[in-house]
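First comes the structure, then the notes that go with it.
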Amino acid sequence: MSQRNRLEGGQIDRNTSLKFTFDGKEYEGNQGDTLASALLANNVRLMGRSFKYHRPRGPLTAGSEEPNALVELRGGARQEPNTRATTTELFNGLMAKSQNRWPSLAFDAMAINDRFSNFLTAGFYYKTFMWPAAFWEKIYEPIIRKAAGLGSLSMKEDPDAYDKGFRHCDLLIIGAGPAGLMAALTAGRAGKEVILADEDFRMGGRLNSETLSIDDMAASDWAAQAVAELATLRTVRLMPRTTVIGAFDHGIYGAVERVSDHLHTPDEGKPRQILWRIYAPKTLLCAGATERPIAFENNDRPGIMLASAIRSYANRWAATPAKRIAIFTNNDDGHKTAADLQAKGVEIAAVVDTRADAPLNDMYQVLRGAQVTDTKGRLGLTFAEVKLADGTSRTLECGALGLSGGWNPNVHLTCHQRGRPEWNAGLAAFVPGGTLPPGMSVAGAANGDFSTHGALTSGAVAAKKALGLKGKAAKTPQAEDTPVSQTPFWYVEGCSRAWLDQQNDVTVKDVKLSHQEGFRSVEHLKRYTTLGMATDQGKTSNMGGLAIMAELAGKAIPEVGTTIFRPPYTPTAIGTLAGRMKGMEFHPTRLTPSHFWAKERGAVFVEVGNWLRAQWFPIEGETHWRESVDREVRQTRASVGVCDCTTLGKIDVQGTDAAAFLNKVYCNGFAKLAVGKTRYGLMLREDGIAMDDGTAGRLAEDHFVVTTTTANAAKVYQHMEFVRQCLFPDMDVQLISTTEAWAQYAVAGPNSRKLLQKIVDAEFDISNEGFPFMACANITVCGGLRARLFRISFSGELAFEIAVPARYGDALMRKLMEEGEEFEVTPYGTEALGVMRIEKGHAAGNELNGTTTANNLGMGRMVSKAKDSIGSKLSERPGLNEDDALKQVGIRPVDPSKKITAGGHLMNASGPVNAKHDQGYVTSAAFSPTLDSMIGLGFLKNGGERQGEKMRLVSPVTDLTVEVEIVSAHFVDPEGERVRA
Amino acid sequence: MIIDHPLLGPRDSAEFIYMGDAAMIDRPNPETASPQDWHDYAYLRDNPAGKHRELWFHEGGDRSWLVVTRNTLTHEISKVEMARDVARARGRSK
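Here it is as structure tokens:
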């Protein structure tokens, strides 16, 4: 008997009772309840505190438009703030807490704000926290942040999964009320692929909340029967608990399906929610309408609700907010609520009707031409003050007050592509207008067809029209067809602390104030007062604000215009938008064929784009990464090392014009490259800036293998396809990326040839004479396995790169390690690779940084003037070729024990240190075990002429000043003898 | 958005990479172009509010470059062509 306010009837399962807690107190509800309906049934009206003034609040609505009853659900890592109690399906064990109150919901210390409301008016923040500017970061912002926000986050990782999916259909129907159901029946019976999505867990829309009948059946029974028929139709997909949140381009809709929100924890392997991308050439919006409230003094007390919401609670959920209820209406719909309530045994205190000619009846008292002027009740409504037509006042004792100010069609999705709703004077409401998203049409109450018969008919007609169905429409079921007349009545004269936007605490007074301060545009009003900017997007408040603004400006509502709605229709969790794309699943992870071998060796990995690359390979006894890296460098330079360079982009270029094509994309020449030779190539952007570098080996007259840097592989491929298709469409050349097809390894060091000779098949001569520096060839290894061999060197040592089909990469690496034991071979990672390339003075990503030219890189002479290539013309611009242009140099600290850092700037040995006197900057720095000193590469004005000069390297960010010497960028083997050995 | 690929039919725009103004096809003739021509080609792009011809690369598909005529205000796509055909029609060859 704890459910004091439970009525008879309804669509709840009285045999299944569910236990739940609210603010720690235990309650009971039934299957089919929402959290709000169950709380109301338990005589709980107070569910939260308002955002700014911490006013006690209860639910205003029974649906997703709810501004007030926001609660925190669940606990632990699943704690979920700001969830609407009105849409939360009750389940056994549900834990809910109120928000924005301290220490308790009934006594909230911050409610003191309410007393200071005169100060906390529209634009309060703008006016108050203006100056001094220095106060912002330290004082104002922390205060505002602390006071702002409603619920709190768990700060723990969400344990649930969120999925994304794709669906296609002929017709997407949004909303399963009378119009949506009728449309789905029409399209489904015709065999069309239909998706019927509804945000509710029970389809039927208002039919579940009304006592009217359809074809001599209770409306909710008719809805259940329609849903049952639809479930048998093969081409119809029913998606309850699914909110269509946005209408995007070309018939693409976003929809959130709450798969497991109604469960304690998701079923094994099931996601919490799914974000669907629905492709629908035709869409029918049947989103219904939302009742609008009337503003008057203190209209926000718990128990003051939309009349239609009270009707829903009574009819669908058999719950009432109070035993004695008054209604405040300006139309006949309010009387429906009174009649339904009375039929359920709820006492009607009175129906306060603003119309002087309001219909009278003998069931309950009607106060014609009367208005509610104020209310009482600290934590819940107790009395309503009414001003009667004759000017006298009367106090009504009531625990709830239903407001009925007419209905607004739910036009939101029609605005998502900037469609502007139009004012319909007959309905005194905005209806869909302007240009709707292509393929969208609107039916039922969303289109202003407010009667049940009108909704059923328009749903059927619109579905037929959208799909071009021939033949006669099925007979529309019999239903009420009362013509709707709405006379606007927005607020009671003389009120000031009358809430329009209850979630953001915006009152009639705030709107008046903003008008007084000169805000005339509806968009400005919105931003200045924050009206309609809360999580409910002003679904119950925008119209009221607009109407008052129009009145103050002496304009008609359509002249003032309306703000439009943007996606999402209802608040959507970030986790839902992210789906599985979090942590390591944020992007795909690419592993090279010998990844697991490297893992076995204990490699430390680093992310390079999507790839995981071995960074270094620690061995027993090494505790610091530098120890491993230094050893790898020394061992490679002393004997032999192997590095996995599979991740470099590889592009196969074939065709009779292959050489001519490479001549276009590389600034240096490739036409004369002999078969069996490799050449370094520099690619420029058309503006003359270096884009990428790599090598191209000519395996046959019409076959080149191009490599790119790991980072730019996709971009370079895209660029080459652009050049091929868009600039030189008649060249006989084909491109294909073979990055994944070949596993490739650099084998470097004085013993690299000896090591390779042990695995390269005997018929291939890889001696210095038979296979000189920059040679390339198709060979076989290990007794017939096809391979490609390139004699190229990034490390500056005698070196080769060997490629085998990807599936043999792991085996090849193991083989190289096994055969290399006698040379004390070492694998080396990207760090040692980087150290060695800096020691050798090879440019890499740090140097090809999107601002440097061939001239800066010391490769100016490589840009061929004998031919046209991408970027060659603009690289000749005078601005890029001034005498003091930056040139790549090497940098060493004068005191070898000193550190130098990339990003530091070079300044003259004496003189001011500032941007004006900047001489250049350091791009790469590393400790060189070979030179036993830090070394760096960088760009220096006129750097070619300044070797031996002492300069200052400064980094104000790290507070560093080091004396450095400018040296050749080639720290190791400047003559290049080793690579040719 | 959905792009109606001339060879592959309607494809989701997520499969594509966008590059912008299709005027990129009109690379100046290196024999005759003035520095101004090169400057304009490298730096000037139209950004109209309305119909725009733009280059899209079908990276997640057949790797063809397309010229898509799209209304930048409504995102309506009125024409999709193979960039290679457009280039040839504009006199490009080898």
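For the protein sequence lines, the chains are A and B, in the order given.
Read in our numbering, the first sequence has 528 at position 528, and its numbers run on one by one without any break.
In our numbering, each residue's number is its place in the second sequence (first place is 1) plus 981.
Idealized CB from N, CA, C, for every residue including glycine.
Starting from the N-terminal side, write out each stretch of the beta strand (DSSP E) that is 3 residues or longer and does not extend beyond the stretch 153 to 185 of chain A.
Qualifying beta strand (DSSP E) stretches, in chain order: 162 to 168 and 171 to 174.
With burial defined as no fewer than 16 other Cβ atoms inside 10 Å of the residue's Cβ, what is the status of Asn1010 (chain B): buried or exposed?
Exposed, because fewer than 16 other Cβ atoms sit within 10 Å of the Cβ of Asn1010 (chain B).
Could you tell me which chain B residues have their CB closer than 9 Å to the CB of Met982 (chain A), listed as they occur along the chain?
Given a span of 1 to 981 for chain A in the structure shown, any question on residue 982 (chain A) remains unanswerable.
Partners in chain C for Asp652 (chain A), counting only beta-carbon separations shorter than 7 Å
Structure shown: chain C not included; protein chains present are A and B.
Using the three-state DSSP reduction, which class does Ile310 (chain A) fall into: helix, strand or coil?
Helix at Ile310 (chain A).
I want to verify the contact list: residues of chain A whose CB lies under 7 Å from the CB of Trp1019 (chain B), in sequence order.
Trp1019 (chain B) reaches chain A at Lys873 and Leu874, counting residues in chain order whose Cβ is nearer than 7 Å.
Are the stretch 563 to 573 of chain A and the stretch 412 to 424 of chain A touching, with three or more C-beta to C-beta distances below 8 Å?
The stretch 563 to 573 of chain A vs the stretch 412 to 424 of chain A: in contact.
Taking Trp1037 (chain B) as the query, report the chain A residues whose CB atoms sit under 7 Å from its CB, ordered along the chain.
Residues of chain A with a Cβ closer than 7 Å to the Cβ of Trp1037 (chain B) do not exist, since the nearest Cβ in that chain sits about 11 Å away.
Quick one: residues in its chain with C-beta nearer than 7 Å to the C-beta of Leu388 (chain A), no 5 flanking neighbours on either side, listed in chain order?
Here the set comprises Leu367, Ala370 and Arg394.
Looking at Arg613 (chain A): is its Cβ nearer than 8 Å to the Cβ of Thr923 (chain A)?
No, the pair does not count as a contact, with Cβ atoms beyond the cut-off.
Count the other CB atoms within 10 Å of the CB of Phe107 (chain A); is the residue buried (16 or more) or exposed (fewer)?
By the 10 Å Cβ count, Phe107 (chain A) comes out exposed.
Going by C-alpha distance, which of A:Gly303, A:Asp702, A:Asp333 and A:Gly334 is nearest Thr320 (chain A)?
Here the closest residue by C-alpha is A:Gly303.
Every unbroken beta strand (DSSP E) inside the stretch 28 to 111 of chain A [3 residues or more]:
Counting only runs of 3 or more, we get 70 to 73, 80 to 84 and 94 to 97.
Within the same chain, show all residues whose beta-carbon is closer than 8 Å to that of Met1 (chain A), passing over the 5 residues directly before and after it, in chain order.
Bear in mind that the predicted position of Met1 (chain A) carries a pLDDT of just 46, short of 50, making it unreliable; the figure below should be weighed with that in mind. So the list is empty, once near-sequence residues are dropped.
Outcome for Asp730 (chain A) when other beta-carbon atoms lying within 10 angstroms are tallied against a minimum of 16:
That one is exposed.
According to DSSP, which residues form a beta bridge with Asn408 (chain A)?
Partner residues in the beta bridge of Asn408 (chain A), as assigned by DSSP, are A:Thr290.
Which same chain residues, not among the five before or five after Gln79 (chain A), have their C-beta less than 6 Å away from its C-beta?
Counting only Cβ-Cβ distances below 6 Å, and skipping sequence neighbours, we find Ser154.
Measuring only the C-alpha atoms, how far is Asp340 (chain A) from Ala314 (chain A)?
Using only the alpha carbons, I get a separation of about 8 Å.
Could you run through the stretch 1033 to 1062 of chain B and flag, in chain order, every residue whose CB is less than 8 Å away from some CB of chain A?
Under the 8 Å Cβ criterion, the stretch 1033 to 1062 of chain B contributes Leu1036, Phe1038, Glu1040, Arg1044, Ser1045, Trp1046, Thr1055, His1056, Glu1057 and Ile1058.
Are the stretch 48 to 67 of chain A and the stretch 91 to 99 of chain A touching, with three or more C-beta to C-beta distances below 8 Å?
With the cut-off at 8 Å, the stretch 48 to 67 of chain A and the stretch 91 to 99 of chain A touch.
Listing by chain order, which chain B residues have their CB less than 8 Å from the CB of His970 (chain A)?
Contacts between His970 (chain A) and chain B, judged by CB atoms closer than 8 Å, are missing: the closest CB pair is about 33 Å apart.
Does the Cβ of Glu801 (chain A) have 16 or more other Cβ atoms within 10 Å, making it buried, or fewer, making it exposed?
So Glu801 (chain A) ends up on the buried side.
Determine the chain B residues that contact Asp657 (chain A) at a beta-carbon separation under 9 Å, and present them in chain order.
Within chain B, the residues near Asp657 (chain A) are Lys1075.
Check whether Gly655 (chain A) and Gln734 (chain A) have beta carbons under 8 Å apart
For Gly655 (chain A) and Gln734 (chain A), yes; Cβs fall inside 8 Å.
Could you tell me the alpha carbon to alpha carbon distance between Gly24 (chain A) and Gln486 (chain A), rounded to whole angstroms?
Rounded to whole angstroms, the gap between the alpha carbons of Gly24 (chain A) and Gln486 (chain A) is 44 Å.
Per-residue contacts from Ala1064 (chain B) into chain A (C-beta, under 9 Å):
Going along chain A in sequence order, the residues near Ala1064 (chain B) (Cβ under 9 Å) are Phe722, Gln725, Cys726 and Pro729.
By DSSP, does Val346 (chain A) sit in helix, in strand, or in coil?
In the three-state DSSP reduction, Val346 (chain A) falls in the coil class, being neither helix nor strand.
Taking the C-alpha atoms as reference points, what is the distance between Asn410 (chain A) and Tyr569 (chain A)?
When rounded, the distance between both Cα atoms is 10 Å.
Check whether the Cβ atoms of Trp611 (chain A) and Thr709 (chain A) sit closer than 8 Å, and answer yes or no.
For the pair Trp611 (chain A) and Thr709 (chain A), the CB atoms are not nearer than the 8 Å cut-off.
Kindly identify the DSSP beta-bridge partner or partners of His703 (chain A).
Answer is A:Gln654 and A:Ala700, bridged to His703 (chain A).
Measure the C-alpha to C-alpha separation of Ala981 (chain A) and Phe605 (chain A) and round it to an integer number of angstroms.
Straight-line spacing of the CA atoms in Ala981 (chain A) and Phe605 (chain A) works out to 32 Å.
Is the number of C-beta pairs between the stretch 487 to 495 of chain A and the stretch 521 to 540 of chain A that are closer than 8 Å three or more?
A contact between stretches requires three or more CB pairs, one per stretch, nearer than 8 Å, and the stretch 487 to 495 of chain A fails this requirement with the stretch 521 to 540 of chain A.
Counting C-beta neighbours from all protein chains within 10 Å, is the total for Gly982 (chain A) 16 or more, i.e. buried, or is it exposed?
Residue numbering for chain A in the displayed model covers 1 to 981; residue 982 (chain A) lies beyond these limits and cannot be assessed.
Return the Cβ separation of Glu965 (chain A) and Gly948 (chain A) in integer angstroms, given the expectation that the two are a contact with Cβ distance under 8 Å.
Rounded, the Cβ-Cβ distance is 7 Å, consistent with contact.
Under a CB-based cut-off of 8 Å, is Asp868 (chain A) close to chain B?
Yes, Asp868 (chain A) lies at the interface with chain B (some Cβ there is under 8 Å from its Cβ).
Leaving out five residues before and five after Gly809 (chain A) in sequence, what residues of the same chain have Cβ atoms less than 6 Å from its Cβ?
So the qualifying residues of the chain are Pro593, Ser594 and Ala743.
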